[in-house]
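Everything on this sheet refers to the single structure shown next.
Protein chains: 2
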Amino acid sequence: MTAAANHHGRRTTTRTRRLERAGIRDVAAAAGVSITTVSDALNGKGRLPDETRTKVREVAERLGYRPSAAARTLRTGRSGLIGLTVTTYGQEPFTFTEFAYFAEMARAATSAALNRGYALVVLPASSRHDVWSNVALDGTVVIDPSDHDPMVADLYRQGLPVVSDGKPGNCPVTAWVDNDHHAAVLGILDHLAQAGARRIGLLTGTSTDTYTRLSTEAYLGWCRSVGQEPLYEAYPAHDPCAGAVAADRLLARPDRPDAVYGLFDPNGTDLLAAARRYHLRVPDDLLLVCCSESDVYATTEPPITTLSLKPRRIGTTVVNLLIDAIEGQSSLGQTSVGQTSVSRTTEAGTSTGDDSGGPCAADQDSSGQLMPTELIVRRSSQRRSPRTTVAAPRPPGES
Amino acid sequence: MTAAANHHGRRTTTRTRRLERAGIRDVAAAAGVSITTVSDALNGKGRLPDETRTKVREVAERLGYRPSAAARTLRTGRSGLIGLTVTTYGQEPFTFTEFAYFAEMARAATSAALNRGYALVVLPASSRHDVWSNVALDGTVVIDPSDHDPMVADLYRQGLPVVSDGKPGNCPVTAWVDNDHHAAVLGILDHLAQAGARRIGLLTGTSTDTYTRLSTEAYLGWCRSVGQEPLYEAYPAHDPCAGAVAADRLLARPDRPDAVYGLFDPNGTDLLAAARRYHLRVPDDLLLVCCSESDVYATTEPPITTLSLKPRRIGTTVVNLLIDAIEGQSSLGQTSVGQTSVSRTTEAGTSTGDDSGGPCAADQDSSGQLMPTELIVRRSSQRRSPRTTVAAPRPPGES
DNA sequence: TGTTCATGGAGAAACGTATCTCCGACGTTC
DNA sequence: GAACGTCGGAGATACGTTTCTCCATGAACA
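Just so you know, the sequences run in chain order A and B.
According to UniProt numbering, the first sequence is numbered sequentially starting from 1.
According to UniProt numbering, the second sequence is numbered sequentially starting from 1.
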């Protein structure tokens, strides 16, 4: 009678396991129903009376039944896992300069994924091929892919959705999200000019990623348009010491700028230290802005104006876009980003066009979103009234 | 002849797929060998002549064959995935105060896992049950588990190895790693006393995690042993503003301390700001130390002495311990941590003892490792010669 | 009394791999 | 020339699900 024994002849060694984890068969046997019924009851499918459902659930609970994720994945083709790929310098998983940005972004991405029932697995681009080809991914988020990124290409070729943070150079992606770096830099330069800057310098990087390239181009374009000689120093952004040196060089020039924008997180500190060395008062002699997600710049002396790329917003958007693609909802325009205001939307597409032959996802265009940035104005870029954008609750007794 | 057609009668609809990804069967058919041979050739198992191996590999490459991770996991019971669980405050995946610590630790853990062929999946403890029960994990790293953590208990009950960062309170784990918080605090207090401190204050937290508890206890014990009245302020560490307020309160006391140790990362900044408000010079009027992984304290004015918990070392050790457990190498003592010097090793065991009945891993004791910390001495805690431990290359022209 | 439906549920076929078992063929050796 | 070890590889099974198909049963209806 116990329907357990005659499972179609399979599982002849019924005795020898029994120690192992309970499977769906065991639940079915214990509940006196079929496997189908258990599956349906637990997953809320099929047509079953409530009593059957609750009974099956009880039995499953009692046996401590946990469905095998591997089996489910094998059957359904969905793993509920999305990759978070990050470019690397040297051995380390994430880049130094993008540290705060990345951490915030990853945090938001994790939250967003979780909210929709997915988990994130971190896969540095430099990891051994066998590692990330060994995990069943439903899709991948790529942070700042390099041109012709082999990993991205391989993933895409497998038919997996790929969404990138940072407008992709030359690799095909399902969608991308990026800040409006051009507008951001122009905004900062205008802000500095309005504060009285006559000669604005730039601290930039030597790498060829999108962020560095677009920002530098925007700066050069602005210089042309207002007729200012470009004043910039470029350094390898992944080297923390090189930043301090470059900042020093920039302020040591005979044609010293009276305002500087630094593209990378530590630049504020670097520039402040350099200014101190040359006895330049900030903001009186030198206006300062840098791009950073760190709030230490709220408490430096003086507090430094920063550009925030809003990594949380980016992370959330990227993940939601990816999951939309995974679940086949190509519902453009309702990204459910919350209160995000998208400043502008352009179309990208794999402009090379010839080898569009991705096995799947070939029907929807590779589209992108530009997200706005936020300038947090502090004393370092203002010569008059120190009016801050973010009104932090100030403890009493401030001088 | 083409052995493809008669696969035992299965796959009757051979025509209809063909669009999908190539499976091992397709490779076998194309290479004119059996599935077994393909599997063996690709995995370097079995007895096969080299020519067969290379031929199979060529065919597999040509077809773009990627083994199904899900199927492999189902068959072998190994997913190559390890969970990284982190406690949460509110909605966010990781805690605010542990931010830099966590980021560094996670980074090292990711590297270490990758080096051994595993990938990390981030699973906040607050995530929906269905999410993390839906991913096939080989084991889990838990950061600072709370007492009787239900998630940890559930994982452990499933027979999964669990290694915790932070000595676990009351939940059973396979192994744990923690800093020697007691020794660290005593070291700092001695250091401050040696620098001339007479009344050392503490900025601590109100939460009950191991770190906060052990550190506070060490402080209180030290006070007793030297006969000093305890001077401390506790605040909810997850609230960034509360830290600034608590720092202010501590320095506003009538029995104001002449040295303070802050347990959390932002405390250095908080205390510096508070000292400025009260016109206290650091280090002349007030000695300062805080626990932080951030290098911003190298460039504050003055630079602040910090205690580093060496999160990279912890992350590496934790992951290696976990993978050792997963792979059944209960080889204690050869953790392959690299150049790490373990200061002391104690034995913990699930001291409650009664329900040791984890289905697996029951043979090896739940053992722990204490790792040393590092005090990075800077100006804020020295009244005489500013001799730093880390000799950062200083740019020329420093005043 | 037969026909139709809705209900509740059982059977069995995949999903794609790893691996255990076994088999033929080909030297070797006594 | 028969027993035997080794090489190279094929067959088949199991991993634990989901899901498609289909069958009873009883009620409603003509």
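Each residue gets a CB set at the ideal place from its N, CA and C atoms; glycine is no exception.
Keep in mind the model is a prediction, meaning the values are calculated, not measured.
Around the beta carbon of Cys241 (chain A), fewer than 16 other beta carbons lie within 10 angstroms, which makes this residue exposed. For the pair Leu288 (chain B) and Ser380 (chain B), the CB atoms are nearer than the 8 Å cut-off. Between the stretch 137–144 of chain A and the stretch 130–150 of chain B, the count of C-beta pairs closer than 8 Å stays below three; the two stretches do not touch.
Counting the other Cβ atoms within 10 Å of the Cβ of Val226 (chain B) gives fewer than 16, which makes it exposed.
Residues of the stretch 301–335 of chain A whose Cβ lies closer than 9 Å to any Cβ of chain B, in chain order: Glu301. Within chain B, no C-beta atom comes less than 9 Å from the C-beta of Ser380 (chain A); the nearest is roughly 15 Å away.
Classified as buried, Glu293 (chain A) has 16 or more neighbouring CB atoms from the shown chains inside 10 Å of its CB.
Scanning B:Tyr261, B:Ile143, B:Thr210 for the CA closest to the CA of Ser126 (chain B) turns up B:Ile143. For Ser133 (chain A), the residues of chain B that pass the 7 Å Cβ criterion are Arg66, in the order they occur in the chain.
Ranked by Cα distance from His238 (chain B), the first of B:Asp255, B:Thr208, B:Ala31, B:Ala252 is B:Thr208. Residues of chain B with a Cβ closer than 7 Å to the Cβ of Pro236 (chain A) do not exist; the shortest Cβ-Cβ separation is about 15 Å. Leu84 (chain B) is not a Cβ neighbour of Leu114 (chain B), given a cutoff of 8 Å. Boundaries for Ile304 (chain B): no beta strand (DSSP E) harbours it, and the DSSP string shows neither H nor E there.
When the alpha-carbon of His129 (chain B) is set against those of A:Thr206, A:Thr37, A:Tyr118, the nearest one is in A:Tyr118. Nearest to Ala183 (chain A) by C-alpha distance, out of A:Arg25, A:Cys290, A:Pro372, is A:Pro372. Within chain B, the residues Arg21, Gly64, Arg66 have their CB atoms less than 9 Å from the CB of Gln158 (chain A), given in chain order.
Closer than 8 Å to the CB of Asp130 (chain B) there is at least one CB belonging to chain A. Annotation for Val141 (chain A): no alpha helix (DSSP H) segment contains it, though the beta strand (DSSP E) segment containing it runs 139–143.
Any Cβ of chain B closer than 8 Å to the Cβ of Thr110 (chain A) would place that residue at the interface, and such an atom is present. Contact between Val318 (chain B) and Val177 (chain B) holds, since their C-beta atoms are separated by about 5 Å, short of 8 Å. Between the alpha carbons of Ala197 (chain B) and His191 (chain B) lies a gap of roughly 9 Å. Ranked by how close their Cα comes to the Cα of Glu233 (chain A), the residues A:Trp222, A:Gly221, A:Asn267, A:Arg224 have A:Asn267 in first place. With respect to the 8 Å criterion, Asp180 (chain B) and Met105 (chain B) are not classified as neighbours on the basis of their beta carbons.
Contact note: Ser127 (chain B) reaches chain A through Leu114, using a C-beta cutoff of 7 Å and chain order. DSSP links Asn179 (chain B) through a beta bridge to B:Met371. In this structure, Pro257 (chain A) sits near Ile200 (chain A), with a CB-CB distance shorter than 8 Å.
For Arg78 (chain A), same chain residues with a beta-carbon under 7 Å away, outside a window of 5 residues either side, are Asp138 in chain order.
In the DSSP assignment, Thr85 (chain B) forms a beta bridge with B:Leu123, B:Val142. Among the CB atoms of chain A, one or more fall inside 8 Å of the CB of Ser79 (chain B). Per DSSP, reduced to three states, the secondary structure at Cys223 (chain B) is helical.
In the DSSP assignment, Tyr235 (chain A) is bridged to A:Gly205. The alpha-carbon separation between Thr52 (chain A) and Glu58 (chain A) amounts to approximately 10 Å. Straight across, the Cα-Cα distance linking Leu202 (chain B) with Leu189 (chain B) is about 10 Å.
At a beta-carbon threshold of 7 Å, none of the residues of chain B lie near Thr174 (chain A); the nearest stands roughly 18 Å away.
Secondary structure at Leu288 (chain B): strand, using DSSP grouped into helix, strand and coil. About 17 Å separates the Cβ atoms of Asp270 (chain B) and Ala298 (chain B), ruling out a contact at the 8 Å cut-off.
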